[in-house]
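Contents: one structure, followed by commentary.
2 protein chains.
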Amino acid sequence: MTTAQPPETEEPDSEEPGAEEPGTDEPGTVRPGGRTARVRAAVLRAAGDALAEHGFAQLDLADIARRAGVGKTTVYRRWGTVTGLLADLLADMARTSPRTETGSLLGDLEANARLVRRTLADPRQGRLFRAVIAAATCDERTAAALHRFYESRIAEWEPCARQAVERGELPQGTDTHEVIRAVSAPLYYRLLATGAPLDEESAHRAAQAAYAAACAGAYVREHTGVYEAQG
Amino acid sequence: MTTAQPPETEEPDSEEPGAEEPGTDEPGTVRPGGRTARVRAAVLRAAGDALAEHGFAQLDLADIARRAGVGKTTVYRRWGTVTGLLADLLADMARTSPRTETGSLLGDLEANARLVRRTLADPRQGRLFRAVIAAATCDERTAAALHRFYESRIAEWEPCARQAVERGELPQGTDTHEVIRAVSAPLYYRLLATGAPLDEESAHRAAQAAYAAACAGAYVREHTGVYEAQG
DNA sequence: GTACTAACGGAACTACGGTTCCATTAAGAC
DNA sequence: GTCTTAATGGAACCGTAGTTCCGTTAGTAC
């Protein structure tokens with residue numbers, strides 16, 4: 001959100017074979033320094049603000065351009081659509097922040113639950129997440145960026161579950177990523193589906209439930225050997 | 232979705248005190264018979280189809296009117312906005328369908344998990360749910376309709392958990408609604424956030440995890456007496 | 001059956017999100 | 001410093017989602 005670097009680097013080369021000139025790049029790739037970088041940072045910042053205020057549907061790029069102090073032509077040229085901009089914003093949000101370590105699995109799960117709850121319950125962040133998730137339901141690129149975002153967040157916390165397996169606290173064969181996901185799931189379900197409050201107790205329950213289920217072997221990989229990989 | 236009856240009956244009388252004429256009702260309330268009912272049914276059906284095909288953002292009411300064989304003026308007059316129409320659609324979806332009863336809590340939770348998984352994994356239904364949830368992030372009325380929808384679905388399955396408490400299978404003081412919600416949560420988390428596949432194993436895990444957590448007392452109401460009610 | 005009018009629907013209209021054009025600014029190479 | 005041209009931004013433009021107008025259709029009362 002603060003600094004900026006080239007986005008959309010994972011573009012799969014070309015959508016249709018033999019389109020336009022082969023070497024033509026997106027704007028912003030040849031001279032990514034000074035102004036270009038400032039524009040990108042300002043626009044992503046403004047996009048986050050606008051999303052948090054209006055939500056996904058009521059959003060138009062002209063408003064974002066105005067907030068960013070940038071011409072709307074620039075925004076349309078660089079990102080094209082609201083969902084395209086959000087995909088870039090998600091890539092920017094995906095950079096990991098160091099997690100706390102409490103030494104015990106239950107303690108780490110509680111810490112994770114509190115962090116997720118606090119993020120989703122925060123007015124600005126909560127709206128931002130809801131908006132981004134809504135956008136992902138409308139656009140494949142945004143959805144892919146969202147999945148990468150959660151992959152990186154889950155991977156960041158997974159070691160605490162893996163260590164618990166290694167020291168015998170959780171059963172052998174436990175899908176450790178799934179343990180971490182289990183902490184977030186009930187909190188997101190409240191945020192998006194039921195609208196139940198995201199209070200401290202909901203976070204505590206989420207961590208306790210994930211821990212109890214993991215100990216009972218609910219996340220041990222079963223039958224098929226298909227789901228070995230992280231998935 | 233098939234039959235139709237007056238929607239928006241839970242309208243809180245008037246938004247602003249002293250607006251327009253006091254007795255003027257929404258169109259469709261004075262002569263709700265024949266044509267009006269057919270129009271409503273056709274439009275809701277078409278809205279579901281269009282949502283499943285295009286998603287929430289790419290939707291316009293003129294297209295829905297065309298599919299329904301109805302004038303677009305009528306759609307705008309009756310529902311006004313996409314989110315307003317979706318709120319009505321959700322009210323229509325909220326009517327409960329009888330659930331299966333297997334006699335054991337784990338069996339019922341498994342049945343619920345399979346039902347939810349099948350619904351969300353179905354191409355049409357899955358898109359429909361994602362679209363409706365996306366719409367709910369953008370509009371308060373739609374969000375309220377969505378919450379009512381899940382309230383009714385959860386309430387439909389809650390008895391199996393309550394009976395389990397009564398016969399001592401689950402601890403006294405367990406929040407039985409929360410047990411049911413715990414089954415859906417990981418499946419919705421996959422659908423909306425991580426994009427992980429909604430396969431049979433995910434449903435099995437969801438039920439197993441909810442059961443294990445409930446047995447371990449993770450859903451027992453704690454500390455504060457504030458959360459006695461269903462919430 | 002007739003009368004009354006709620007509700008519908010086609011067509012013209014409006015407003016605004018999104019695009020195109022081109023002059024201006026400044027990044028990067030030397 | 002100069003030169004080249006990538007990138008920006010204002011202004012005019014366009015297409016379509018959403019509105020208004022008003023004549024037509026058909027529920028409901030009698």
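Heads up: the sequence lines are chains A and B, in that order.
In terms of this note's numbering, the first sequence has 143 at position 143, counting the first letter as 1, and numbering is strictly consecutive.
Residues are numbered in this note's numbering as their position in the second sequence, beginning at 1, plus a constant of 231.
Glycine is no exception: its CB is placed at the ideal position from the N, C-alpha and C atoms.
Looking at chain B, is there any beta carbon in it that lies within less than 8 Å of the beta carbon of A/Thr194?
Here residue 194 of chain A refers to the residue found at position 194 when the first sequence is read from its first residue. By this cut-off, A/Thr194 is an interface position.
Tell me which residues of the segment 328–356 of chain B have at least one Cβ-Cβ distance to chain A shorter than 9 Å, keeping chain order.
none
Determine whether the Cβ of B/Tyr307 lies closer than 8 Å to any Cβ atom of chain A.
Locating residue 307 of chain B in the second sequence gives position 76, counting from the first residue. No, B/Tyr307 lies away from the interface with chain A (no Cβ there is under 8 Å from its Cβ).
A/His147 to B/Ala449 span [Cα, whole Å]
The residue labelled residue 147 of chain A in the question sits at position 147 within the first sequence. The residue labelled residue 449 of chain B in the question sits at position 218 within the second sequence. Between A/His147 and B/Ala449, the C-alpha separation is close to 29 Å.
Determine, using beta-carbon pairs with one atom in the segment 64–76 of chain A and one in the segment 124–139 of chain A, whether at least three such pairs fall under 8 Å.
no
Measuring CA to CA, which of B/Ala395, B/Tyr442, B/Ser433 is closest to A/Arg181?
The count along the first sequence starts at 1 and reaches residue 181 of chain A at position 181. Considering only alpha carbons, the answer is B/Ser433.
Along the alpha helix (DSSP H) that carries A/Arg118, what are the first and last residues, could you check?
For the purposes of this step, residue 118 of chain A is taken as residue 118 along the first sequence, with counting starting at 1. Segment 105–121, the alpha helix (DSSP H) holding A/Arg118.
Helix, strand or coil: which one does DSSP assign to B/Thr314?
Translated into the one-based positions of the second sequence, residue 314 of chain B becomes position 83. Three-state DSSP puts B/Thr314 in a helix.
Buried or exposed by the 16-neighbour rule on C-beta atoms within 10 Å, applied to B/Pro417:
As a working note, residue 417 of chain B is residue 186 in the second sequence. Flag for B/Pro417 reads buried.
What's the call for A/Gln208, buried or exposed, on a 16-neighbour Cβ count within 10 Å?
Locating residue 208 of chain A in the first sequence gives position 208, where the first residue counts as 1. By the 10 Å Cβ count, A/Gln208 comes out buried.
Out of B/Pro390, B/Arg355, B/Thr312, which has the shortest C-alpha to C-alpha gap to B/Ala367?
By one-based count along the second sequence, residue 367 of chain B stands at place 136. It is B/Thr312.
Collapsed DSSP secondary structure at B/Thr405 in the structure displayed:
As a working note, residue 405 of chain B is residue 174 in the second sequence. B/Thr405: strand per DSSP, three-state reduction.
Taking the alpha-carbon of A/Ser152 as reference, which of B/Ala447, B/Ala277, B/Thr425 has the nearest alpha-carbon?
Mapped onto the first sequence, residue 152 of chain A falls at position 152. For A/Ser152, the nearest C-alpha among the options comes from B/Thr425.
Let me know if A/Asp139 comes out buried or exposed under the rule of 16 or more other beta-carbons within 10 Å of its beta-carbon.
For the purposes of this step, residue 139 of chain A is identified with residue 139 of the first sequence, where counting begins at 1. Burial call: buried.
Give me the DSSP bridge partner(s) of A/Val132.
Counting from 1 along the first sequence, the entry for residue 132 of chain A is found at position 132. According to DSSP, A/Val132 bridges with nothing at all.
Cross-chain neighbours of B/Leu275 in chain A, by beta carbon under 7 Å:
As a working mapping, residue 275 of chain B is identified with position 44 in the second sequence. Here the premise fails: no neighbours, minimum Cβ distance about 20 Å.
Just checking my contact of A/Val116 with A/Val183 at CB under 8 Å: how many whole Å lie between their CB atoms?
In the first sequence, residue 116 of chain A corresponds to position 116, counting from 1. In the first sequence, residue 183 of chain A corresponds to position 183, counting from 1. About 7 Å separates the two Cβ atoms, so the contact holds.
What's the gap between the Cα of A/Phe149 and the Cα of B/Pro258?
Taking the first residue of the first sequence as position 1, residue 149 of chain A is located at position 149. Taking the first residue of the second sequence as position 1, residue 258 of chain B is located at position 27. In a straight line, the C-alpha of A/Phe149 is about 46 Å away from that of B/Pro258.
Just to confirm before moving on: does the CB-CB distance between B/Ala342 and B/Thr333 stay below 8 Å?
The residue labelled residue 342 of chain B in the question sits at position 111 within the second sequence. The residue labelled residue 333 of chain B in the question sits at position 102 within the second sequence. For B/Ala342 and B/Thr333, yes; Cβs fall inside 8 Å.
Chain B partners of A/Ser184, CB-CB under 8 Å?
Sequence index remark: in the first sequence, residue 184 of chain A carries index 184 (1-based). Result: Tyr420, Ala424.
Could you check how far apart the C-beta atoms of A/Val70 and A/Val43 are, in whole angstroms? I think they sit under 8 Å.
Locating residue 70 of chain A in the first sequence gives position 70, counting from the first residue. Locating residue 43 of chain A in the first sequence gives position 43, counting from the first residue. Confirmed, Cβ separation roughly 6 Å.
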